[in-house]
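The block underneath contains the structure these notes are about, expressed in structure tokens.
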Amino acid sequence: MTAIASAPVSAKSLSSSARSGTPTANPPAATPATAPAAPASATPDADADAAGPATSSAPVRAAAHASGFSSYNLTHLAQLEHEAIFVMREVAAQFERPALLFSGGKDSIVMVRLAQKAFAPARFPFPLVHIDTGHNFVETIEFRDWLAKDTGGRLVVRYVEDSIKSGSAVEEKGPNPSRNGLQTVTLLETIEEFKFDACLGGARRDEEKARAKERFFSHRNEFGEWDPKNQRPELWNLFNGRKQVGEHFRVFPLSNWTEMDVWQYIARENLRIPSIYFAHRRRVVNRGGTLLADTPFINLLPGESFMERTVRFRTVGDATCTGAVESTAADLAEIIQEVASARVTERGTRADDKRSESAMEDRKKAGYF
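Take the sequence shown: its position 109, counting from 1, is numbered 109 in the numbering used here, and each next residue is one higher.
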């Protein structure tokens, strides 16, 4: 079944609040360092000569600096933003039926904001596609529906449960069953149903070694498979989107971003995000070093018990494999500080990546996100 949400674009867009449902102030601006005073010259004329001819460029320079431009250079975040917007516009130019894969997580939220900027004042020209495992966090699903309505985007939802009922996917058994890997089947069925020829994703190269291998334009064959040993070169800003009938591309505009970049961009744009990214009290169980939340989809193993801890989530995914971290970070500034001192990558909290050394690459070869 397809869930479609369409509404006029809100003036607030995504930036109503940094925390879902709770208005927060913008992050305080950094205080510029004070330069040492120059020694006074002997005569007023010498001061005038040293200053050069009077111009009216100071207000222009000030405005440019405030928007990310300074001395003909872009700030780090502005460079990443412009690169991502360029990639999105290339997708719109080269493909007929692109889609934006949306999970409700921080990376896909940033992707939506970039898409808004890339095609403003029009709406972005592709639907939001969510593959629902049925084991998602409630906060994520509520945020997904809110964002689709707020941006006026078309939301396409397909369910892993339907793939299981049709027999195209088989429910996992054992002590740690998860539907996370089954999303591949449902995603490929959705691509075939809507004839999508390009799917934009929020994956980043710093997340995991398999994702570090991937190009901006990542080719998939007619079976949706990825061959990491046979990838196209990407010289300068040239992207080759040519393909055969039945093939498609996965496109990753955030390839060069880091987790820190994403959080700093969310703070700069004052974007709303699901509440589970902030510290809160929750019942969890420690399973193999991963703190899994108490949900109807988690069955305790012998010797296990739930305990209440103050935690937050660094990633958002299937509740059966997405681990929490103990944290007291209650706002964006504290999250940024925590990420800066973290010694474990965000994917280190995912139980699905611990199944084998090549777990992510194996899933991606089969057609995973």
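For glycine and all other residues, C-beta sits at the position ideal for the given N, C-alpha and C.
Using the beta-carbon count (16 or more within 10 Å), is residue i buried or exposed?
i: Gly105; result: buried
i: Phe137; result: buried
i: Trp236; result: exposed
i: Ser10; result: A caution first: Ser10 carries a pLDDT of 44, below 50, which makes its placement in the model unreliable, though a value can still be read off. Exposed.
i: Val157; result: buried
i: Glu304; result: exposed
i: Ala324; result: buried
i: Ala93; result: exposed
i: Glu171; result: exposed
i: Ser168; result: exposed
i: Ser108; result: buried
i: Thr55; result: Residue placement at Thr55 cannot be trusted, given a pLDDT of 39 that sits under 50; the coordinates are not used to answer.
i: Gly215; result: Here residue 215 turns out to be Arg, not Gly, going by the sequence shown. With 16 or more Cβ atoms within 10 Å of its Cβ, Arg215 is classed as buried.
i: Val344; result: exposed
i: Ala411; result: Residue 411 lies beyond the stretch modelled for the chain, which goes from 1 to 369, so this question has no answer here.
i: Ala46; result: At Ala46 the pLDDT is 41, less than 50, meaning the model places this residue with poor confidence; the figure from the coordinates comes in the next sentence. Counting Cβ neighbours within 10 Å, Ala46 comes out exposed, since fewer than 16 surround it.
I'd like to check one pair, residue j with residue i: are the Cβ atoms closer than 8 Å?
i: Val91; j: Val251; result: yes
i: Ser447; j: Arg204; result: Residue 447 falls outside the range modelled here, since the chain spans only 1 to 369, and no answer is possible.
i: Ala279; j: Arg314; result: no
i: Ser103; j: His130; result: yes
i: Arg97; j: Asp261; result: no
i: Arg89; j: Ala122; result: no
i: Gln183; j: Thr151; result: no
i: Leu101; j: Gly246; result: no
i: Gly153; j: Pro127; result: yes
i: Trp257; j: Leu80; result: yes
i: Leu77; j: Gln231; result: no
i: His135; j: Phe297; result: yes
i: Pro233; j: Lys213; result: no
i: Phe239; j: Phe217; result: yes
i: Glu346; j: Glu207; result: yes
i: Arg282; j: Ala293; result: yes
i: Thr140; j: Val316; result: yes
i: Gly241; j: Phe95; result: yes
i: Leu301; j: Pro177; result: no
i: Ala99; j: Cys199; result: yes
i: Asp132; j: Val87; result: no
Could you give the residue range of the beta strand (DSSP E) that holds residue i?
i: Ser218; result: 217-220
i: Phe249; result: 248-251
i: Leu77; result: Leu77 -> not in any beta strand (DSSP E); alpha helix (DSSP H) instead, spanning 76-94.
i: Asp261; result: Asp261 -> not in any beta strand (DSSP E); alpha helix (DSSP H) instead, spanning 259-269.
i: Arg211; result: Taken as a continuous stretch (DSSP letters only), Arg211 belongs to no beta strand (DSSP E), being part of the alpha helix (DSSP H) at 209-212.
i: Glu326; result: 323-326
i: Ala293; result: 290-293
i: Arg312; result: 307-312
i: Leu254; result: From DSSP, Leu254 is part of no beta strand (DSSP E); its letter is neither H nor E.
i: Pro228; result: Note, Pro228: premise wrong, no beta strand (DSSP E); not H, not E.
Please determine, among the options, the residue with the shortest C-alpha to C-alpha distance to residue i.
i: Lys173; options: Asn299, Asp331, Phe95, Arg312; result: Asn299
i: Glu222; options: Arg211, Glu192, Pro233; result: Glu192
i: Pro274; options: Ile164, Phe143, Ala212; result: Phe143
i: Arg272; options: Glu189, Val185, Pro175, Leu332; result: Leu332
i: Arg211; options: Gly241, Gly317, Pro253; result: Pro253
i: His248; options: Arg268, Trp226, Glu269; result: Trp226
i: Thr190; options: Glu214, Lys213, Ser163; result: Ser163
i: Ala329; options: Gly323, Ser218, Val339; result: Val339
i: Thr295; options: Ser218, Glu326, Thr320, Ala267; result: Thr320
i: Gln244; options: Glu259, Ile266, Ala267, Arg220; result: Arg220
i: Val110; options: Ala120, Glu161, Asp318, Asn270; result: Asn270
i: Ser327; options: Asn176, Phe95, Ile276; result: Ile276
i: Gln382; options: Asp318, Thr310, Glu259, Leu187; result: Past the boundaries of the shown model lies residue 382; the chain is included only from 1 to 369, so the question cannot be answered.
With respect to the alpha helix (DSSP H) encompassing residue i, which residues constitute its N-terminal and C-terminal limits?
i: Arg144; result: 138-151
i: Val110; result: 106-119
i: Ile336; result: 332-341
i: Thr184; result: 183-194
i: Ala279; result: Element bounds for Ala279: n/a, residue is neither H nor E.
i: Ile131; result: Note, Ile131: premise wrong, no alpha helix (DSSP H); beta strand (DSSP E) at 128-132.
i: Val156; result: Val156 -> not in any alpha helix (DSSP H); beta strand (DSSP E) instead, spanning 155-159.
Can a CB atom of chain B be found closer than 8 Å to the CB of residue i?
i: Val91; result: Any reference to chain B falls outside this structure, which holds one protein chain only.
So does the segment 282-289 actually touch the segment 147-161, counting three or more Cβ pairs closer than 8 Å? no
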